[in-house]
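Since the structure comes first, as structure tokens, the remarks are kept for the end.
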Amino acid sequence: NARSVRGALTTEMWEAMNAAWPELKRYDGRAMDRTALNDFLYRVKEACLRFDGSAYRTMLRNDVYFFSRIGVYLERADNTARILDVKYHVLLPETVSVGGGLDYFQWASILRSVSALTAYRWVYRQSLKPWLIADLLVLNEQMPRSLASCYENLSAFLDELSIAYGRQGAAQRTARSIRTRLQNASISDIFQKKGLHEFLSEFIADNGRLGAAIAEQYLT
């Protein structure tokens with residue numbers, strides 16, 4: 002895939018990808034124990050950070066950069082929503098109590114997976130609580146992986162595209178609508194009126210519709 006867009010990648014981005022490829026290729030996914038899996042995922046995160054940092058520091062701020070960041074934030078929002086939803090409905094066995102040791106460990110693991118454990122402790126300064134974790138990962142615009150932060154950036158980069166191409170369309174309107182809903186939401190309303198699972202399912206569907214609107218507006 003990188004070769005097909007080689008002309009859009011800076012030297013530093015290309016080198017970051019070339020360094021990651023042989024390092025990750027040596028892992029055999031069919032014979033990977035838990036230790037090897039943890040190491041593999043750590044290497045993936047490192048490679049992504051190197052590539053993303055290279056893009057941020059070296060790309061021209063033109064439409065290629067805007068599209069690349071839009072892709073980042075669309076996927077990041079989708080991943081954050083799915084990770085949070087999986088924990089809330091799948092991971093904790095029925096025989097294990099909410100708030101117990103396993104529950105606490107799983108919430109801590111979720112926060113680590115999105116590099117948010119330190120941020121949680123800094124913002125809330127108390128033990129892990131599901132509604133506060135949801136608040137951090139859904140509504141807190143200071144948290145880079147939150148849905149609200151992703152849509153703040155998506156709206157901004159889609160506006161940059163509208164300036165570059167001289168017109169706005171359904172993509173900008175959809176992004177603004179979703180961002181406004183996130184800005185006007187409160188975590189208590191999400192839990193009490195709709196339920197977190199329903200809220201996240203609706204968000205994932207809306208996020209997919211935004212991706213389709215972007216593709217139709219700019220790529221067809």
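If you want my numbering, it's the 1-based position in the sequence shown plus 1.
Quick reminder that beta carbons are idealized off the backbone N, C-alpha and C, glycines included.
Fair warning: this is a prediction, and the values are worked out from it, not measured in the lab.
Since serine 178 is in the alpha helix (DSSP H), which residue starts that stretch and which ends it? Within the sequence shown, numbered from 1, the residue matching residue 178 stands at position 177. From DSSP, the alpha helix (DSSP H) with serine 178 extends over 171-185.
Comparing C-alpha positions only, which one of Val139, Ser114, Ser5, Gln143 sits nearest to tryptophan 123? Within the sequence shown, residue 123 is the residue found at index 122, counting from 1. The residue with the shortest Cα to Cα distance from tryptophan 123 is Gln143.
Rounded to a whole number of angstroms, what is the C-alpha to C-alpha distance between tyrosine 166 and phenylalanine 67? In the sequence shown, counting from the first residue as 1, residue 166 sits at position 165. In the sequence shown, counting from the first residue as 1, residue 67 sits at position 66. The alpha-carbon atoms of tyrosine 166 and phenylalanine 67 are separated by roughly 12 Å.
When the cut-off is 8 Å and only beta carbons count, does alanine 157 lie next to chain D? The structure shown contains no chain D; it holds only a single protein chain.
For the candidate residues Tyr105, Ser128, Leu211, Leu75, whose alpha-carbon lies nearest to that of tyrosine 89? Indexing the sequence shown from 1 puts residue 89 at position 88. Residue Tyr105 is the option with its Cα nearest to tyrosine 89.
So which of Asn19, Val73, Phe41, Asp86 has the shortest CA-CA distance to serine 150? For the purposes of this step, residue 150 is taken as residue 149 along the sequence shown, with counting starting at 1. Measuring from the Cα of serine 150, the nearest candidate turns out to be Val73.
Apart from the five residues just before and just after tyrosine 121, which ones in its own chain have a Cβ nearer than 8 Å to its Cβ? Reading the sequence shown from its first residue, position 120 is the one you call residue 121. Closer than 8 Å at the Cβ level, and outside the excluded window around tyrosine 121, lie Leu112, Leu129, Leu133, Ile134, Leu137.
Cβ neighbours of threonine 36 in the same chain (closer than 7 Å, five flanking residues each side left out): Stepping through the sequence shown from its first residue, residue 36 is reached at position 35. Once the five neighbours on either side are set aside, threonine 36 has no close Cβ partner at all.
Helix, strand or coil for tyrosine 43? Go by DSSP, reduced to three states. One-based indexing of the sequence shown puts residue 43 at position 42. DSSP places tyrosine 43 in helix when its eight states are reduced to three.
Rounded straight-line distance, which links the Cα of isoleucine 84 to that of tryptophan 108: Start at 1 with the first residue of the sequence shown, and residue 108 comes out as number 107. Start at 1 with the first residue of the sequence shown, and residue 84 comes out as number 83. Their Cα atoms are separated by approximately 11 Å.
Quick check on the burial criterion: 16 or more other C-beta atoms within 10 angstroms. Buried or exposed for methionine 14? Working through the sequence shown from its first residue, we reach residue 14 at position 13. So methionine 14 counts as buried.
Do aspartate 207 and isoleucine 179 have their C-beta atoms within less than 8 Å of each other? In the sequence shown, residue 207 corresponds to position 206, counting from 1. In the sequence shown, residue 179 corresponds to position 178, counting from 1. A contact, by the Cβ cut-off of 8 Å.
Terminal residues of the continuous alpha helix (DSSP H) containing lysine 26? By 1-based counting over the sequence shown, the position of residue 26 is 25. Unbroken alpha helix (DSSP H) run through lysine 26: 12-26.
So methionine 18 and phenylalanine 52 are in contact, right, with Cβ under 8 Å, and what is the actual spacing, rounded? As a working note, residue 18 is residue 17 in the sequence shown. As a working note, residue 52 is residue 51 in the sequence shown. Cβ-Cβ separation between methionine 18 and phenylalanine 52: approximately 6 Å, consistent with a contact (criterion under 8 Å).
Is valine 115 helix, strand or coil when you go by DSSP? For this step, residue 115 is matched to residue 114 along the sequence shown. Coil at valine 115, not helix or strand.
Which of the three DSSP states is assigned to alanine 32 in this structure? For the purposes of this step, residue 32 is taken as residue 31 along the sequence shown, with counting starting at 1. Helix at alanine 32.
Using 10 angstroms around the beta-carbon of threonine 12, count the other beta-carbons present and answer buried if the total reaches 16, otherwise exposed. As a first step, residue 12 is located in the sequence shown; it is residue number 11 there, counting from the start. When all chains shown are included, threonine 12 counts as exposed.
Where the alpha helix (DSSP H) containing glutamine 218 begins and where it ends: Position 217 of the sequence shown, counting from 1, holds the residue named residue 218. 197-219 is the span of the alpha helix (DSSP H), which, as asked, contains glutamine 218.
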